[in-house]
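J.:
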Amino acid sequence: MEVIVLKNYDEVSKKAFEVMKEVVANKKNAVLGLATGSSPIGLYQNMIKDHQENGTSYADITSFNLDEYVGIDRNHEQSYYTFMHENLFKGIDIKEENVHVPYGDTKADCDAYEKAMEDYSVDIQVLGIGANGHIGFNEPGTPFSETTHIVTLTEKTRQDNARFFENDINQVPTHAITMGIATIMKAKKILLVATGKNKADAVAAMVNKAPDVNCPASVLQNHPDVVVIVDEAAAAKL
Ligand code: F6R
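Following the numbering used here, the residues of the sequence shown are numbered contiguously, the last one being 239.
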């Protein structure tokens, strides 16, 4: 696991973009695993800028998102499907038919997503990390062997996300569909970005403690190609 510490969100986003650009510049039909949340927005802005200024094309790129809420429509303004279109897809030339965001609430929906991914091999998986160490919506305690599944969101995660739902936790969905940890670990390369002091404990546990289900991100120590890019605040407890 390579850990890169930079000054602030802007520098983290630029560096994350460099890592991403190397993948998409070298493989026209790369497969990207993508995350939502505030951490990768700067990375996505850099991708859009580069597409507009340098013509980097995503026409042959395929994407698979990590997760989605259960119980809200795809077109709900807070769905992850909408998030991805607003924050990345509408600014690049990726084709809608090549975009995959998990959807549904049954085991069959999960298995179908897992199966769709089996036909591809993710070249680079973008991740954020939750304050409790979650990746995707794999909360502490999730077995490392899990594939795509339905989860009950913890109170902490719902509180963290209430800011997107008028600061009202009651509006935050209670369940989500997420790639499992085993699904994430299949990616050839993993790029995790984290900024801010509320991530410092999770980042320290991910990097320094032995892999343990209590910090799902610590599983990344077992992956051969992981780049962690953090700002000084998130690195404070390393
Ligand atoms: C998002 C996701 C989550 C976030 C994590 C950090 O698709 O799977 O694991 O990456 O909750 O969120 P932010 O970046 O908003 O702090």
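Even glycine gets a Cβ: it sits at the ideal position worked out from N, Cα and C.
1) Whose beta carbon lies closer than 5 Å to any heavy atom of the ligand F6R, going through the chain in order?
2) Comparing C-alpha positions only, which one of Leu33, Pro144 and Gln46 sits nearest to Glu12?
3) Considering just the uninterrupted stretch of the alpha helix (DSSP H) at Phe165, what are its terminal residues?
4) Should His52 and Gly92 be called a contact, given that it needs their Cβ atoms to be closer than 8 Å?
5) Bridge partners for Val123 per DSSP, in chain order?
6) Drop a sphere of 10 angstroms on the beta-carbon of Pro103, count the other beta-carbons inside from all chains shown, and report buried for 16 or more, exposed for fewer.
7) If contacts are defined as beta-carbon pairs under 8 Å, then Lys190 and Ile230 qualify, I think. What distance do you get, rounded to the angstrom?
8) Look at the alpha carbon of Asn215 and the alpha carbon of Ile136, and state the distance between them as a whole number of angstroms.
9) Secondary structure at His101, three-state DSSP: helix, strand or coil?
10) Taking the beta carbon of Ser122 as the centre, do at least 16 other beta carbons fall within 10 Å, making it buried, or is it exposed?
11) Between which two residues does the beta strand (DSSP E) holding Ser64 run?
12) Residue ranges of each alpha helix (DSSP H) run of no fewer than 4 residues wholly in the region 31 to 91, ordered along the chain?
13) According to DSSP, what are the bridge partners of His150?
14) Take every Cβ of the region 153 to 161, pair it with every Cβ of the region 169 to 179, and state whether three or more of those distances are shorter than 8 Å.
T.: The structure says:
1) The set, ordered by position in the chain, is Ala36, Thr37, Gly38, Ser39, Ser40, Leu67, Asp68, Gly129, Gly131 and Gly137.
2) Closest option to Glu12, judged by alpha-carbon separation, among Leu33, Pro144 and Gln46: Gln46.
3) Premise fails: Phe165 is in no alpha helix (DSSP H) and is neither H nor E.
4) With respect to Gly92, His52 sits close: the two C-beta atoms are nearer than 8 Å.
5) Partner(s): none; Val123 has no beta bridge.
6) Buried is the call here.
7) Contact flag wrong, Cβ pair sits at about 13 Å.
8) Those two C-alpha atoms are separated by around 12 Å.
9) Here His101 sits in strand by DSSP.
10) Counting the other CB atoms within 10 Å of its CB gives Ser122 a total below 16, which places it among the exposed residues.
11) Its beta strand (DSSP E) spans residues Thr63 to Asn66.
12) Fully contained in the region 31 to 91 are the following alpha helix (DSSP H) runs of length 4 or more, in chain order: 42 to 55 and 81 to 88.
13) BP columns for His150 point to Thr179.
14) Yes, the region 153 to 161 is in contact with the region 169 to 179.
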